[in-house]
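Comments concern the structure below.
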């Protein structure tokens, strides 16, 4: 029975099923492991249609990982989902400031969302790092502002907020920003879908590639 | 611009959009907030087709929450996603044993997955509690075995593993179990989709109802 397979055998079998059912696709050899892991984590083949990568996204991400840059996220769920075991050999610290008491205090005082303030803090702490956004469109909009107005230059933006208010629009704003700044490395998608689980899966797929 | 709405306004607007786009549905007044939050967290309307509740699921869950029973999950992502703020007034402790060193040691020794051993431990620690499974089919299969063979009687099983190997089958096994034990309270779905994000969303929706 399939449940008696070891975890790595289950993963290999899952990938085999995904590839058999999807058939031909448009992804490069280095993009595909990222898209495949997004499908694997969500059981949703739509990711094969909706994901997009800047041309330099994987190069920039792998170099940044190998340098051990900081990783910041907009949710603690992403932190939980990114493999600690895979971060460790690169000496990477992953952080999320949304539950930080200082951020909460400031949010109340300034009457702006904790997501926005957490992104500003992330910009100060890990400006040249990897930014993983899997929940809040406001976080991605603020990150876009930091890049455009304050010259923040992340080594990778994973822009995958989810939802019905602003999520799709925030991703289009990211693509618009990348037309202004063509060297900006990003991975995003089109539409409302996204999520902390998929953002973490993208990061894990990149960590696995960086090991090789 | 929509991004300047407060978080609770964004949520209300999201729910309005979900209800407007979905139109008529088959859910009861108390099931709908759970299904709606699953759609909200995933931007995937398929949840309105694929979810299923045992008749007593919500009653049993709300009573258990109000008694402050233990909550256990198969992933730390679920723990991150369940609102600590909402657990606290009920005095509920949420736990996940999959990263427990003892579980890891035993898994190596016995050559069975950590998910299975974490579920056994959860059964010992919180047998009459709420079980949230959002990732591993093996965890749900083991929970089913504990109910059938060792008389474990959870107050709610949220069975939402995701993936291509065993996930759909584990949910059908849960429904089969519920035919043998008609009083077993469960929330699950049909098919491969699932995930820690949706399992956490279901729990949060139940906590909100229990407050009322």
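Protein chains in written order, with this note's numbering: chain C, 30 to 241; chain L, 30 to 241.
We put the CB at the ideal spot given by N, CA and C, even for glycine.
Where in the segment 99–183 of chain L do unbroken runs of the beta strand (DSSP E), each at least 3 residues long, occur, reported from the N-terminal end onward?
-> 100–102, 123–125 and 159–162
Confirm, please, whether the CB-CB distance from residue 68 (chain C) to residue 77 (chain C) is below 8 Å.
-> yes
Spell out whether any CB of chain C is found under 8 Å from the CB atom of residue 36 (chain L).
-> Taking Cβ atoms only, chain C reaches closer than 8 Å to residue 36 (chain L), which makes this a yes.
Starting from residue 217 (chain L), follow the beta strand (DSSP E) in both directions and report where the run begins and ends.
-> 215–218
From this set, C:56, C:99 and C:71, which residue's C-alpha is nearest residue 84 (chain C)'s C-alpha?
-> C:56
First through last residue of the beta strand (DSSP E) which encompasses residue 187 (chain L) | 185–188
In the segment 196–230 of chain L, which residues sit with their C-beta less than 8 Å from some C-beta in chain C, listed in chain order?
-> 196, 198, 199, 220, 221, 222, 223, 224, 225, 226 and 229
Three-state secondary structure (DSSP) of residue 44 (chain L) = Here residue 44 (chain L) sits in helix by DSSP.
Return the CA-CA distance between residue 101 (chain L) and residue 178 (chain C), expressed in angstroms with no decimal places.
-> 45 Å
Residue 180 (chain C): buried (16+ other C-beta within 10 angstroms of its C-beta) or exposed?
-> Burial call: exposed.
Inspect the beta-carbon positions of residue 43 (chain C) and residue 194 (chain L) and report whether they are closer than 8 Å.
-> yes
Of all the CB atoms in chain L, is at least one closer than 8 Å to the CB of residue 69 (chain C)?
-> With 8 Å as the cut-off, residue 69 (chain C) counts as an interface residue toward chain L.
Amino acids of chain L, ordered along the chain, whose beta-carbon sits closer than 8 Å to that of residue 46 (chain C) | Within chain L, the residues near residue 46 (chain C) are 193 and 194.
Going by CA-CA distance only, name the one from C:164, C:138, C:121 and C:211 that's closest to residue 144 (chain C).
-> C:164
Could you name the residues of the segment 100–115 of chain C whose beta carbon sits closer than 8 Å to any beta carbon of chain L, in the order they occur along the chain?
-> Of all residues in the segment 100–115 of chain C, only 104, 105, 106, 108, 109 and 110 place a beta-carbon less than 8 Å from a beta-carbon of chain L.
Cβ separation of residue 98 (chain C) and residue 216 (chain C), assumed to be a contact under 8 Å, to the nearest whole Å | About 16 Å separates the two Cβ atoms, so there is no contact after all.
Chain L contacts from the segment 127–150 of chain C (Cβ-Cβ distance under 7 Å) = 142
Short check: CB of residue 220 (chain C) to CB of residue 197 (chain C), under 8 Å?
-> yes
Three CB pairs or more closer than 8 Å across the segment 149–162 of chain L and the segment 184–192 of chain L = yes
Assuming residue 239 (chain C) and residue 95 (chain C) make a contact with CB atoms under 8 Å, what is their CB distance in whole Å?
-> 6 Å
Ignore the nearest five residues each way along the sequence and tell me which others in residue 155 (chain L)'s own chain have a CB closer than 6 Å to its CB.
-> 99 and 101
Which chain L residues sit within Cβ distance under 8 Å of residue 42 (chain C)?
-> 193 and 194
Residue-chain proximity (residue 88 (chain C), chain L), Cβ-Cβ < 8 Å = no
Among the residues of its own chain, which have a CB less than 7 Å from the CB of residue 136 (chain L), if the five just before and after it don't count?
-> 142, 143 and 146
Residue range of the beta strand (DSSP E) that includes residue 82 (chain L) | 80–82
Measuring CB to CB, does residue 18 (chain C) end up less than 8 Å from residue 111 (chain C)?
-> Look at the range of chain C in this structure, 30 to 241, and you will see that residue 18 (chain C) is not part of it.
Which whole-angstrom value describes the C-beta separation of residue 66 (chain L) and residue 233 (chain L), a residue pair presumed to lie in contact below a C-beta threshold of 8 Å?
-> 6 Å
For residue 91 (chain C), is the classification buried or exposed, using 16 other Cβ atoms within 10 angstroms of its Cβ as the cut-off for buried?
-> buried
Closer than 9 Å by beta-carbon distance: list the chain L residues that pair up with residue 162 (chain C), in chain order.
-> Going along chain L, no residue has its Cβ under 9 Å from residue 162 (chain C), so there is no contact; the nearest lies around 13 Å.
Given residue 173 (chain L) as reference, the closest of L:121, L:204, L:192 and L:153 once Cα atoms are compared = L:204
Spatial distance of residue 211 (chain C) from residue 59 (chain C) (CA atoms) = 20 Å
At what residues does the alpha helix (DSSP H) containing residue 54 (chain L) begin and finish?
-> Residue 54 (chain L) -> no alpha helix (DSSP H), and no H or E assigned at all.
Out of C:116, C:168, C:199 and C:148, state which residue places its alpha-carbon closest to the alpha-carbon of residue 237 (chain C).
-> Comparing Cα positions, the closest option is C:116.
By the criterion of Cβ-Cβ separation under 7 Å, what are the contact partners of residue 39 (chain L) in chain C?
-> 194
Can you round the beta-carbon distance between residue 170 (chain L) and residue 202 (chain L) to whole angstroms, since I take them to be within the 8 Å contact cut?
-> 6 Å
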